[in-house]
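J.: This structure is in structure tokens; I'll ask about it shortly.
Protein chains: 2
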Amino acid sequence: MFTIHDLRRLARGAAFGVAAVLLAVTAAEGQTADPLPSWNDTAPKAAIVAFVEKVTKEGSADFVPEPERIAVFDNDGTLWVEHPMYTQLAFALDRVKTMAPSHPEWKDMQPFKAVLDGDMKALAAAGEKGLLELIMTTHAGMTNEEFQKIASDWLATARDPRFKRPYTELVYQPMLELLSYLRENGFKTFIVSGGGIEFVRPWSEKIYGIPPEQVVGSSIKTQFVMRDGVPTLFRTPEVNFIDDKVGKPVGINEHIGRRPIAAFGNSDGDLEMLQWTTMAPGARFGLIVRHTDAEREYAYDKDTPFGRLDKALDAAAVNQWTVVDMKADWKQIFPEK
Amino acid sequence: MFTIHDLRRLARGAAFGVAAVLLAVTAAEGQTADPLPSWNDTAPKAAIVAFVEKVTKEGSADFVPEPERIAVFDNDGTLWVEHPMYTQLAFALDRVKTMAPSHPEWKDMQPFKAVLDGDMKALAAAGEKGLLELIMTTHAGMTNEEFQKIASDWLATARDPRFKRPYTELVYQPMLELLSYLRENGFKTFIVSGGGIEFVRPWSEKIYGIPPEQVVGSSIKTQFVMRDGVPTLFRTPEVNFIDDKVGKPVGINEHIGRRPIAAFGNSDGDLEMLQWTTMAPGARFGLIVRHTDAEREYAYDKDTPFGRLDKALDAAAVNQWTVVDMKADWKQIFPEK
Numbered sequence: 002m003f004t005i006h007d008l009r010r011l012a013r014g015a016a017f018g019v020a021a022v023l024l025a026v027t028a029a030e031g032q033t034a035d036p037l038p039s040w041n042d043t044a045p046k047a048a049i050v051a052f053v054e055k056v057t058k059e060g061s062a063d064f065v066p067e068p069e070r071i072a073v074f075d076n077d078g079t080l081w082v083e084h085p086m087y088t089q090l091a092f093a094l095d096r097v098k099t100m101a102p103s104h105p106e107w108k109d110m111q112p113f114k115a116v117l118d119g120d121m122k123a124l125a126a127a128g129e130k131g132l133l134e135l136i137m138t139t140h141a142g143m144t145n146e147e148f149q150k151i152a153s154d155w156l157a158t159a160r161d162p163r164f165k166r167p168y169t170e171l172v173y174q175p176m177l178e179l180l181s182y183l184r185e186n187g188f189k190t191f192i193v194s195g196g197g198i199e200f201v202r203p204w205s206e207k208i209y210g211i212p213p214e215q216v217v218g219s220s221i222k223t224q225f226v227m228r229d230g231v232p233t234l235f236r237t238p239e240v241n242f243i244d245d246k247v248g249k250p251v252g253i254n255e256h257i258g259r260r261p262i263a264a265f266g267n268s269d270g271d272l273e274m275l276q277w278t279t280m281a282p283g284a285r286f287g288l289i290v291r292h293t294d295a296e297r298e299y300a301y302d303k304d305t306p307f308g309r310l311d312k313a314l315d316a317a318a319v320n321q322w323t324v325v326d327m328k329a330d331w332k333q334i335f336p337e338k
Numbered sequence: 002m003f004t005i006h007d008l009r010r011l012a013r014g015a016a017f018g019v020a021a022v023l024l025a026v027t028a029a030e031g032q033t034a035d036p037l038p039s040w041n042d043t044a045p046k047a048a049i050v051a052f053v054e055k056v057t058k059e060g061s062a063d064f065v066p067e068p069e070r071i072a073v074f075d076n077d078g079t080l081w082v083e084h085p086m087y088t089q090l091a092f093a094l095d096r097v098k099t100m101a102p103s104h105p106e107w108k109d110m111q112p113f114k115a116v117l118d119g120d121m122k123a124l125a126a127a128g129e130k131g132l133l134e135l136i137m138t139t140h141a142g143m144t145n146e147e148f149q150k151i152a153s154d155w156l157a158t159a160r161d162p163r164f165k166r167p168y169t170e171l172v173y174q175p176m177l178e179l180l181s182y183l184r185e186n187g188f189k190t191f192i193v194s195g196g197g198i199e200f201v202r203p204w205s206e207k208i209y210g211i212p213p214e215q216v217v218g219s220s221i222k223t224q225f226v227m228r229d230g231v232p233t234l235f236r237t238p239e240v241n242f243i244d245d246k247v248g249k250p251v252g253i254n255e256h257i258g259r260r261p262i263a264a265f266g267n268s269d270g271d272l273e274m275l276q277w278t279t280m281a282p283g284a285r286f287g288l289i290v291r292h293t294d295a296e297r298e299y300a301y302d303k304d305t306p307f308g309r310l311d312k313a314l315d316a317a318a319v320n321q322w323t324v325v326d327m328k329a330d331w332k333q334i335f336p337e338k
């Protein structure tokens, strides 16, 4: 009979053989397999591949050990559509309409009246303060579990008015491929969103392959409360953290505790995240998705309230960040239905 | 010559053979290998093993998929020594002494005078407010990188007065084994410390195998600032988050976004974390380390300012949490020198 020692030796020998064969397969396939099939063979794709190859090549001057291969992604406008308005705002407006029957006073009260009347001009006039009031009314006053269920239920049924598809299908196919490609090369991928952390977490794992513990975002304060002997986390109408602009490096540090080596964004809200990631020693990569495709998606930069791109574009030139021209660089925008 | 297809088939066949052999080795070793050699064969060890076996057994009613196997560990008093005072407090007191030459005014100013005079009674009289002042003075006013270097340098040279060893060697060997055992069984292990997040992160990976992104802790506010064109995160003397008591479930939710299925603590500061983890459907595990070994470590519970254990011990009985009696249940306290 085999002893454990014999089995071990046998296993080790066989494992070595398999490793050699797998290496041969990988090498042979190297020239044909394209990890980024929805990207055209233009400069951004070449820049991404060159970066990944140099940081993963052991012995090279730019080699980065696996635990330090942290990549951060903005969400709105970088991984999924943010026009004609942020999806979370569409959610908040829908929630106001759903909740309105229990709030007759909203008929005469701004900013709720504007939402119920579909009066976008009056809503804009309510400004940031009005927006914050809408968010607090629709996002607080319940437990976290309750909120996540409301958000998930809405995402399961709501449809984007232009594309007639669920919002979670309006994610960018090239970016999904990029997320996978980075992970296959030992990167840990994080979302760093200006949007609400609990709005993204219920679906980030299924859609992006990013688990909840790798989502950083804005948040309102929660309180631990025993309700009828059951521990709950109750959402209170108070801002906890705004994960946007100068907040992004702060959120990254608090959640990740390491400096990323690659950052992907699309707007001025991502400027400081890109600076924090790339303006440091060692191999670094910054990328901006530029919305240039009015036909297949949207075209906007300086003149939009959702995803304004101005200062970050100037900084891209200075810092040699890669700028993706959606129209020219992406073969396909959304996943097949 | 072999085609890729042939190589693939060969690899698959060989891999299958290796898997079978490895399974045989594992099965044969199952009865002899002890994943928790520093634990006596008393109730706590049996409870840990029974829990891990049932949540990892596919097809069993208690099976938990790998991504949901989240385990959270308090640090002070659960993973390393917290007496005669929290290590971070010893660090702060040492820092005050190091910084004193540049602060002649401290000679007549509490709570600094108390520290410089070694007058623990006066220090206690300064209360929480005094303590907070010491922490802010020694932990803020620098960048995060600078702080981490100061903390790391201190930990590299400071020695515990009783055991004459670096503080990072005064970690509990049985808990190190438990961390590894859980990870080998597909758990993701997190630290959830009342102490400062940036005080733990520089060494958590090396000592505990827990990377910085899996450390949750108390924090002060940081600001993103461009200093001479270099992006920095500057530590300001303002509390950001207290990760203790009711704060622990809040911190867990913010950082992890999933409810843990196992929690390990030692004091009343861990009560809510244990409640949040265990008072929910499905298989759950709560454990309290009780300091009962004055000879090999310390013995304390209700009457200590550092790691007071009172309410959480009562709750352990009600909630059927496992209570470790250090003296009876642990063969060894610290790793070998």
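If you read the sequences in order, they're chains A and B. According to the numbering used here, the first sequence is numbered sequentially starting from 2. According to the numbering used here, the second sequence is numbered sequentially starting from 2. Note that beta-carbon positions come from the ideal geometry of N, C-alpha and C, so glycine has one too.
(1) Considering only their Cβ atoms, is the gap separating A/T138 from A/R236 smaller than 8 Å?
(2) Grouping DSSP H, G and I as helix and E and B as strand, with all else coil, what is A/M110?
(3) Compare the beta carbon distance of A/A264 and A/G283 with 8 Å and say whether it is the shorter of the two.
(4) Grouping DSSP H, G and I as helix and E and B as strand, with all else coil, what is A/I198?
(5) Roughly how far, in whole angstroms, is the beta-carbon of A/P212 from the beta-carbon of A/Q149, given that I think they are within contact range, below 8 Å?
(6) Any C-beta of chain A sitting closer than 8 Å to the C-beta of B/G31?
(7) Distance, Cα to Cα, B/Y301 vs B/I262?
(8) So, at 8 Å on beta carbons, what are the nonlocal neighbours of A/P112 in its own chain, with the 5 sequence-adjacent residues on each side left out?
(9) Comparing alpha-carbon positions, which option in B/W40, B/N41, B/T43, B/R70 lies nearest B/E54?
(10) Any beta carbon of chain A sitting closer than 8 Å to that of B/M327?
(11) Residues in the same chain with beta-carbon distance under 7 Å from A/Q89, minus the five sequence neighbours each way, listed in chain order, please.
(12) Report the rounded CA-to-CA distance for B/R166 versus B/A157, giving the unit in angstroms.
(13) Using a Cβ-Cβ cut-off of 8 Å (strictly less than) and excluding sequence neighbours within five positions of B/L24, which residues of its own chain qualify?
(14) In angstroms with no decimal places, state the Cα-to-Cα distance between B/K332 and B/R291.
(15) With a 10 Å radius around its C-beta and 16 neighbouring C-beta atoms as the bar for buried, classify A/F335 as buried or exposed.
(16) What are the residues of the region 245-265 of chain B that lie near chain A, defined by any Cβ-Cβ distance shorter than 7 Å?
(17) With 8 Å as the threshold, decide whether the Cβ of B/T323 is near any Cβ in chain A.
(18) Counting only the same chain and skipping the five closest in sequence on each side, list residues whose C-beta sits under 6 Å from that of B/D330.
(19) Can you pull out the residues from the region 55-83 of chain A whose beta carbon lies closer than 9 Å to at least one beta carbon of chain B?
(20) Less than 8 Å between the CB atoms is what I'm expecting for B/D269 and B/R309, so what's the real figure, rounded?
(21) So, does the CB of B/S220 fall closer than 8 Å to a CB anywhere in chain A?
(22) For A/L314 and A/V73, I'd like the C-alpha separation in whole angstroms.
(23) Taking only beta-carbon positions, decide if B/L135 is within less than 8 Å of chain A.
(24) Helix, strand or coil: how does DSSP classify A/E59 here?
(25) At which residues does the alpha helix (DSSP H) containing B/P175 begin and terminate?
(26) Can you tell me the Cα-Cα spacing of A/K246 and A/N254, whole angstroms?
(27) Among the candidates B/T223, B/I257, B/L117, whose CA atom is the shortest distance from the CA of B/Q215?
(28) With a CB to CB cut of under 8 Å and the five nearest residues on each side skipped, what residues in its chain are close to A/V319?
(29) Report the neighbours of A/R202 on chain B: residues whose CB is nearer than 7 Å to its CB, in chain order.
(30) Taking A/P238 as the query, report the chain C residues whose CB atoms sit under 8 Å from its CB, ordered along the chain.
(31) Are there 16 or more other CB atoms within 10 angstroms of the CB of B/P339, so buried, or fewer, so exposed?
(32) Taking only beta-carbon atoms, is A/M341 less than 8 Å away from chain B?
(33) Given A/D63, which residues of its chain have a CB within under 8 Å of its CB, disregarding the five upstream and five downstream residues?
(34) Could you check where the beta strand (DSSP E) with A/L288 kicks off and where it finishes?
(35) For a contact meaning CB atoms closer than 7 Å, what does A/P36 contact in chain B?
(36) Would a check of beta-carbon distances place A/V319 closer than 8 Å to chain B?
T.: This is what the structure gives:
(1) Counting from one through the first sequence, the residue named residue 236 of chain A turns up at place 235. Counting from one through the first sequence, the residue named residue 138 of chain A turns up at place 137. No, Cβ-Cβ distance for A/R236 and A/T138 is not below 8 Å.
(2) Counting from one through the first sequence, the residue named residue 110 of chain A turns up at place 109. A/M110 carries a coil assignment under DSSP once its states are collapsed to helix, strand and coil.
(3) Residue mapping note: residue 264 of chain A aligns to position 263 of the first sequence, counting from 1. Residue mapping note: residue 283 of chain A aligns to position 282 of the first sequence, counting from 1. In terms of Cβ geometry, A/A264 and A/G283 do not form a close pair [threshold 8 Å].
(4) On the first sequence, position 197 is the one that residue 198 of chain A refers to. It is helical.
(5) Here residue 212 of chain A corresponds to residue number 211 of the first sequence, with the count starting at 1. Here residue 149 of chain A corresponds to residue number 148 of the first sequence, with the count starting at 1. About 14 Å; that fails the 8 Å criterion.
(6) Working through the second sequence from its first residue, we reach residue 31 of chain B at position 30. Here B/G31 scores only 49 on pLDDT, less than 50, and its place in the model should not be relied on; the value that follows carries that caveat. Interface residue (Cβ-Cβ distance to chain A less than 8 Å): B/G31 is not classified as such.
(7) Translated into positions along the second sequence, residue 301 of chain B becomes position 300. Translated into positions along the second sequence, residue 262 of chain B becomes position 261. Rounded to the nearest angstrom, the two C-alpha atoms are 28 Å apart.
(8) As a position in the first sequence, residue 112 of chain A is number 111, starting the count at 1. Scanning its chain for C-beta atoms nearer than 8 Å, with the 5 sequence neighbours on each side dropped, one finds around A/P112 the residues A123, L124, A127, G131, L132, E134, L135, in chain order.
(9) The count along the second sequence starts at 1 and reaches residue 54 of chain B at position 53. Per the Cα distances, B/R70.
(10) Your numbering for residue 327 of chain B matches position 326 in the second sequence. By the rule that beta-carbons nearer than 8 Å mark a contact, B/M327 does not touch chain A.
(11) As a position in the first sequence, residue 89 of chain A is number 88, starting the count at 1. Excluding residues within five positions, the ones whose Cβ falls inside 7 Å are G196, G197, F200.
(12) Taking the second sequence and counting its residues from 1, the one referred to as residue 166 of chain B is at position 165. Taking the second sequence and counting its residues from 1, the one referred to as residue 157 of chain B is at position 156. B/R166 and B/A157 have their C-alpha atoms roughly 10 Å apart.
(13) For the purposes of this step, residue 24 of chain B is taken as the residue at position 23 of the second sequence. Residue placement at B/L24 is poorly supported in this model, since its pLDDT is 49, which falls under 50; the coordinates still yield a value, given next. Same-chain partners within the cutoff: there are none.
(14) Position 331 of the second sequence holds residue 332 of chain B. Position 290 of the second sequence holds residue 291 of chain B. When only Cα atoms are considered, B/K332 and B/R291 end up about 15 Å apart.
(15) As a first step, residue 335 of chain A is located in the first sequence; it is residue number 334 there, counting from the start. In the assembly as shown, A/F335 is a buried residue. Its beta-carbon has 16 or more other beta-carbons within 10 Å.
(16) For the region 245-265 of chain B, the residues whose beta carbon sits under 7 Å from a beta carbon of chain A are, in order, V247, P250, V251, N254, E255, H256, I257, G258, R259.
(17) Residue mapping note: residue 323 of chain B aligns to position 322 of the second sequence, counting from 1. Residue contact check for B/T323 against chain A: no CB pair falls below 8 Å.
(18) Here residue 330 of chain B refers to the residue found at position 329 when the second sequence is read from its first residue. Around B/D330: N41, T43, P45.
(19) The residues in question are P68, I71.
(20) Here residue 269 of chain B refers to the residue found at position 268 when the second sequence is read from its first residue. Here residue 309 of chain B refers to the residue found at position 308 when the second sequence is read from its first residue. Taking a contact as a CB-CB distance under 8 Å, the pair B/D269 and B/R309 counts as one, their CB atoms being some 5 Å apart.
(21) Looking up residue 220 of chain B in the second sequence gives position 219. At least one CB atom of chain A sits nearer than 8 Å to the CB of B/S220.
(22) Stepping through the first sequence from its first residue, residue 314 of chain A is reached at position 313. Stepping through the first sequence from its first residue, residue 73 of chain A is reached at position 72. Straight-line measurement puts the Cα of A/V73 at about 18 Å from the Cα of A/L314.
(23) By one-based count along the second sequence, residue 135 of chain B stands at place 134. Interface residue (Cβ-Cβ distance to chain A less than 8 Å): B/L135 is not classified as such.
(24) Residue mapping note: residue 59 of chain A aligns to position 58 of the first sequence, counting from 1. Coil.
(25) Within the second sequence, numbered from 1, the residue matching residue 175 of chain B stands at position 174. Counting along the chain, the alpha helix (DSSP H) containing B/P175 begins and ends at 174-185.
(26) Walking along the first sequence from the start, residue 246 of chain A turns up at place 245. Walking along the first sequence from the start, residue 254 of chain A turns up at place 253. Those two C-alpha atoms are separated by around 14 Å.
(27) What you label residue 215 of chain B is simply residue 214 of the second sequence in a count that begins at 1. That would be B/I257, whose Cα lies nearest to the Cα of B/Q215.
(28) Taking the first sequence and counting its residues from 1, the one referred to as residue 319 of chain A is at position 318. No residues qualify anywhere along the chain.
(29) Counting from 1 along the first sequence, the entry for residue 202 of chain A is found at position 201. Chain order gives the chain B residues near A/R202 as G258, where near means a beta carbon separation below 7 Å.
(30) Looking for chain C here will not work: the only protein chains present are A and B.
(31) Residue 339 of chain B lies beyond the residue range present for chain B, which begins at 2 and ends at 338; the question has no answer from this structure.
(32) Since the first and last residues shown for chain A are 2 and 338, residue 341 of chain A lies out of range.
(33) In the first sequence, the residue the question calls residue 63 of chain A occupies position 62. Sequence-distant Cβ neighbours of A/D63 in its own chain, meaning closer than 8 Å and more than five residues away, are K55, V56, G283, A284.
(34) By one-based count along the first sequence, residue 288 of chain A stands at place 287. First-last of the beta strand (DSSP E) with A/L288: 286-291.
(35) Looking up residue 36 of chain A in the first sequence gives position 35. Close partners of A/P36 in chain B (Cβ separation under 7 Å) are lacking, with about 17 Å as the shortest Cβ gap.
(36) Residue mapping note: residue 319 of chain A aligns to position 318 of the first sequence, counting from 1. Not one chain B Cβ lies under 8 Å of A/V319.
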